[in-house]
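If you want the working numbering, it's the position in the sequence shown, counting the first as 1, plus 18.
Ideal placement from N, C-alpha and C gives every residue a C-beta, glycine not left out.
Taking it in order: structure first as structure tokens, then the write-up.
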Amino acid sequence: MAFLIIFGIVDIIWNAFGGYGNNLFSVLFSYHADPMKFTLNSFSQAAEAGIMEEMNRYLVIIVLLYALRKNKWQVPVTIFISALFFGLLHFANFGWQKLAPTIAQVTFAFGIGLFFAVVYLYTGKLWLTMLMHFFVDFLIFLQENGDQPGTWNGSTGEWLVAIISVVVPVCIYLWMITGKRKLVMEENSRRILQPVTNNLMY
19 MAFLIIFGIV
29 DIIWNAFGGY
39 GNNLFSVLFS
49 YHADPMKFTL
59 NSFSQAAEAG
69 IMEEMNRYLV
79 IIVLLYALRK
89 NKWQVPVTIF
99 ISALFFGLLH
109 FANFGWQKLA
119 PTIAQVTFAF
129 GIGLFFAVVY
139 LYTGKLWLTM
149 LMHFFVDFLI
159 FLQENGDQPG
169 TWNGSTGEWL
179 VAIISVVVPV
189 CIYLWMITGK
199 RKLVMEENSR
209 RILQPVTNNL
219 MY
């Protein structure tokens, strides 16, 4: 759990301030912050995303866990499909921004969706993913032009950010669905599903 929280903090900071440069070292370790200014709008937008999108993830996970309750791959498949669904939801931004940055955003959302689903099923605490999600968006929205449409120029740095945003969460996902970590998620899944199963019995 400590690893997931530490990675979550690092990921939040990297997504808000990192990813600059045109080589792997600079993309990972170069940080820059635009001028920041707190506004009620930046706070409310981030809070809405943190609460509403994580509630959406919760409902998708519940439905998938129940639908796959007799499948031995219930937890891994639930995590993967919920992340894919979360990523595809971001195609709604197409029109507000161009197709290329929208695809990049979908890719990023899929990666972070894997991580958030793992965090939720491993800890059983939805408030934790809400808090992480809030800070991911809030630190971006605080910055000047942080709420503007995304851009995509196809630079080496942008490709590296896109690849890292998927590869690292996929590695964490694959690690978490093995050994005792998987058993913890399976136990939490049964506990999460119990109220739903009990209600459907009556």
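Between the C-alpha atoms of SER48 and SER173, what's the straight-line distance to the nearest angstrom? Position 30 of the sequence shown, counted from the first residue, corresponds to residue 48. Position 155 of the sequence shown, counted from the first residue, corresponds to residue 173. Cα to Cα, the separation comes out at about 16 angstroms.
Just to confirm my understanding: we take LEU144, look at its own chain, exclude 5 residues before and 5 after, and list those with CB closer than 7 angstroms. What are they? The count along the sequence shown starts at 1 and reaches residue 144 at position 126. So the list reads GLU72, TYR76, TYR138, once near-sequence residues are dropped.
If the criterion is Cβ atoms closer than 8 angstroms, does the pair PRO187 and ILE130 meet it? The sequence position of residue 187 within the sequence shown is 169, counting from 1. The sequence position of residue 130 within the sequence shown is 112, counting from 1. In contact: PRO187 and ILE130 (Cβ atoms closer than 8 angstroms).
Among HIS151, ALA85, PRO94, ALA65, the one whose alpha carbon lies nearest that of TRP193: Residue numbering aside, residue 193 sits at position 175 when the sequence shown is read from its first letter. When each option's Cα is compared against that of TRP193, the closest is PRO94.
Three-state secondary structure assigned by DSSP to PHE223: Outside the modelled stretch of the chain, which goes from 19 to 220, sits residue 223, for which no answer is possible.
I think ALA34 touches LEU157, with their Cβ atoms under 8 angstroms apart; what is that distance to the nearest whole Å? Indexing the sequence shown from 1 puts residue 34 at position 16. Indexing the sequence shown from 1 puts residue 157 at position 139. Their Cβ separation, rounded to whole angstroms, is 4 angstroms, which keeps ALA34 and LEU157 in contact under 8 angstroms.
In three-state terms, what does DSSP make of PHE112? Here residue 112 is taken as the residue at index 94 of the sequence shown, counted from 1. PHE112 sits in a strand when the DSSP states are folded into three classes.
Would the region 149 to 163 and the region 53 to 73 be scored as touching if the rule is three or more Cβ pairs under 8 angstroms? Touching, yes.
ASP29: buried (16+ other C-beta within 10 angstroms of its C-beta) or exposed? For the purposes of this step, residue 29 is taken as residue 11 along the sequence shown, with counting starting at 1. Flag for ASP29 reads buried.
When DSSP labels each residue in this structure, what does GLN212 get in the three-state scheme? Here residue 212 refers to the residue found at position 194 of the sequence shown. If DSSP states are grouped into helix, strand and coil, GLN212 belongs with the helices.
Neighbour flag for ILE121 against chain B, beta carbons, 8 angstroms: Checking the listed chains, one finds no chain B in this structure; it contains a single protein chain.
What does DSSP give as the partner residue(s) for MET54 in the beta ladder? Within the sequence shown, the letter at position 36 stands for residue 54. According to DSSP, MET54 bridges with GLN161.
Give the C-beta separation of VAL179 and GLY37 to the nearest angstrom, bearing in mind that I take them to be a contact with Cβ-Cβ under 8 angstroms. Taking the first residue of the sequence shown as 1, we reach residue 179 at position 161. Taking the first residue of the sequence shown as 1, we reach residue 37 at position 19. So it is a contact: roughly 4 angstroms between Cβ atoms.
Look at the alpha carbon of ILE97 and the alpha carbon of LEU117, and state the distance between them as a whole number of angstroms. To locate residue 97, count along the sequence shown from 1; it is residue 79. To locate residue 117, count along the sequence shown from 1; it is residue 99. Distance between the alpha carbons of ILE97 and LEU117: 26 angstroms.
4 or more residues per run - each alpha helix (DSSP H) lying fully within the region 112 to 195: The region 112 to 195 contains these whole alpha helix (DSSP H) runs: 117 to 141, 144 to 159, 174 to 194.
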